[in-house]
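Scroll down for the structure; my scribbles are underneath it.
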Amino acid sequence: MSTKNFLFVNRKAPYGTVYALEALEVVLISAAFEQNVSLAFIDDGVYQITKGQNSKATGMKNFSPTFRALGDYDITKLYVSIESLAERGLTVDDLMELTYEDADDDYAEKPSIILVNREEMAAMMTEQEVILSF
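For the sequence shown, our numbering gives the first residue as 151, with consecutive numbering after it.
What follows is the structure, given as structure tokens:
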């Protein structure tokens, strides 16, 4: 099986629907099949990777800690819309510290979050072979 570039676009808030959790499950499955997987966080999707999430009021499990494991699955590119953050009064400081260990650089810990503007996001999307939106 050949490796393809998969992009999972996350547009929904983490709780209230199953979209965010299901997206994360599909991401992990795709990575297990050794595909080149990256994620994009746009619109309310940026809330999925914010610090200090409390899902008790929703009755749903807080799955945000799972994002910290993405680097273990070689998922090292998490594109975050700068405009979506700004429109919600958020900055990069409001996001979880998500990192991976770079095997090509003596396993140095590096950030997975890549802040991009709309034009950069659109250009990155053109490089993908499979785009799934949640």
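Even glycine gets a Cβ: it sits at the ideal position worked out from N, Cα and C.
Going by beta carbons, L228 and S262 fall inside the 8 Å limit.
The stretch 170–181 and the stretch 216–232 touch, with three or more beta-carbon pairs separated by less than 8 Å. Here V242 is exposed: its Cβ has fewer than 16 other Cβ atoms, across all protein chains shown, within 10 Å. Within the same chain, Cβ atoms closer than 6 Å to the Cβ of V266 are found at Y229, the five residues on either side in sequence being excluded. If you draw a straight line from the Cα of E277 to the Cα of K206, it is about 38 Å long. In the three-state reduction of the DSSP assignment, T276 falls in the helix class, which pools H, G and I.
Comparing alpha carbon positions, the residue from L157, F284, V159, G221 closest to D252 is G221. In the displayed model, E233 falls within a helix according to three-state DSSP.
E251: not part of any alpha helix (DSSP H); member of the beta strand (DSSP E) spanning 249–252, first to last residue.
Going by DSSP, A258 is part of no alpha helix (DSSP H) but of the beta strand (DSSP E) stretching over 258–261. DSSP places S205 in the coil class of the three-state scheme, outside both helix and strand.
Judged by beta-carbon spacing, T200 lies within the 8 Å limit of L240, meaning their Cβ atoms are closer than that value.
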